[in-house]
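First the structure, in the form of structure tokens, and then the observations on it.
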Amino acid sequence: MKRYLLTGGVAAVMLLGACGDGETEEPATVEDESPETTEDETATDHSEEVEELRAENESLQERVAELEEENDALTEIVESTEEEPEKEVEEEEITEESTSTGEGTRSNPLQIGDTAQLEARINGDDFDERFEASVDLTVNEIIIGEEAYNMLVEENPYNDPAPEGYQWALIHATSELVESETEDYAYYVMDRFEIVEEDGSSAPRESAVTPDSYGGDHIYSGGTSSGYVSALVPAEGAFLIKYDAYPDSDVFFEVD
-15 MKRYLLTGGV AAVMLLGACG DGETEEPATV EDESPETTED ETATDHSEEV
35 EELRAENESL QERVAELEEE NDALTEIVES TEEEPEKEVE EEEITEESTS
85 TGEGTRSNPL QIGDTAQLEA RINGDDFDER FEASVDLTVN EIIIGEEAYN
135 MLVEENPYND PAPEGYQWAL IHATSELVES ETEDYAYYVM DRFEIVEEDG
185 SSAPRESAVT PDSYGGDHIY SGGTSSGYVS ALVPAEGAFL IKYDAYPDSD
235 VFFEVD
């Protein structure tokens, strides 16, 4: 009986020792695996951060490319806008050259009684709203000297006599709006007459109260406006009547 108990005790001790050895080795196993697991997790975290940074970098590069394209487009718009006024000037110059037939120029003036066909513009309500139109301008007659001055004095006795070397003249003209792109806006008739002396200089301009004066009227398509323009002309020597027909070329009339 004692032998069995001894044998059983020894067996129990051996079992406890075996269990003790197993419990001692398990923490060592955990300690050996724990650093490796942490390093793997850290490496994985760094890899994910790198991928995120790469994705952000690619996104930024794409945005930079888009901004560069937008900048190039804006630059082209600005450059084209700056060039437009020059193009408009060139087009106006071409228009003036194409409408000039050689008649009505200073070297080949029209005669009293002739009609000049002029291009005109009519303004709308907006600043940049303009309509093309065609105006016929006729210089019907010119009254010079004492007769002209008597008509001025009859209209207003305070009209001054002409200065030395000049005499008064009354130019009778008619403007007709023969064609217009608009029926709603009127053409404004203006006194743009000027006297050009034989040497190419302009005669002095002095105001006088003029009977049935020309200009200051609004006419619609088909309408006409007539009247007199008072002007100083040389007492001696030839001269031309000039009309500023902007945007068309200037028109000259010869006085015999």
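Start counting the sequence shown at -15; every next residue gets the next number (my numbering). Quick reminder that beta carbons are idealized off the backbone N, C-alpha and C, glycines included. What you are looking at is a predicted structure, and each value in this text was computed from that prediction instead of being measured.
- Can you give me the start and stop residues for the alpha helix (DSSP H) that residue 134 sits inside? 130 to 139
- Message: Measuring only the C-alpha atoms, how far is residue 216 from residue 138?
- Response: 18 Å
- Query: Shortest alpha-carbon distance to residue 114 belongs to which of 239, 168, 128, 153?
  - Reply: 168
- Task: Check each candidate in 50, 172, 91, 124 and name the one with the smallest Cα separation from residue 108.
- Result: 172
- Query: Between which two residues does the beta strand (DSSP E) containing residue 211 stretch?
  - Reply: 208 to 218
- Query: Excluding sequence positions up to five away, which residues of its chain have a Cβ less than 6 Å from the Cβ of residue 157?
  - Reply: 123, 198
- With 16 as the cutoff for other CB atoms within 10 Å, does residue 93 come out buried or exposed? buried
- Delimiting residues of the beta strand (DSSP E) encompassing residue 107: 99 to 107
- Message: For residue 106 and residue 159, which I take to be in contact (beta-carbon distance under 8 Å), what is that distance rounded to the nearest angstrom?
- Response: That pair is no contact at about 13 Å.
- Starting from the Cα of residue 178, find the closest Cα among 97, 234, 133, 32 and give me that residue. 234
- Item | Alpha-carbon to alpha-carbon, residue 213 and residue 204 | 22 Å
- Item | Close-in-space but distant-in-sequence residues of the same chain around residue 180 (CB under 7 Å, 5 per side omitted) | 186, 223, 224, 226
- Query: How about residue 244 and residue 143: do their beta carbons lie closer than 9 Å?
  - Reply: Past the edges of the chain, shown from -15 to 240, lies residue 244, and the structure says nothing about it.
- Query: Got a sec? Which residues, its chain only, sit under 6 Å from residue 207 by beta carbon, not counting five neighbours each side?
  - Reply: 161
- Item | Beta-carbon proximity of residue 130 to residue 96, cut-off 9 Å | no
- Task: Could you tell me which residues DSSP puts in a beta bridge with residue 96?
- Result: Bridge partners of residue 96: none, in fact.
- Query: Whose C-alpha, out of 236, 128, 39, is nearest the C-alpha of residue 219?
  - Reply: 128
- Item | As assigned by DSSP and simplified to three states, the class of residue 143 | coil
- Query: Excluding the five sequence neighbours on either side, which residues of its own chain have a C-beta within less than 6 Å of the C-beta of residue 116, listed in chain order?
  - Reply: 165
- Burial state of residue 211, where buried means 16 or more other Cβ atoms lie within 10 Å: buried
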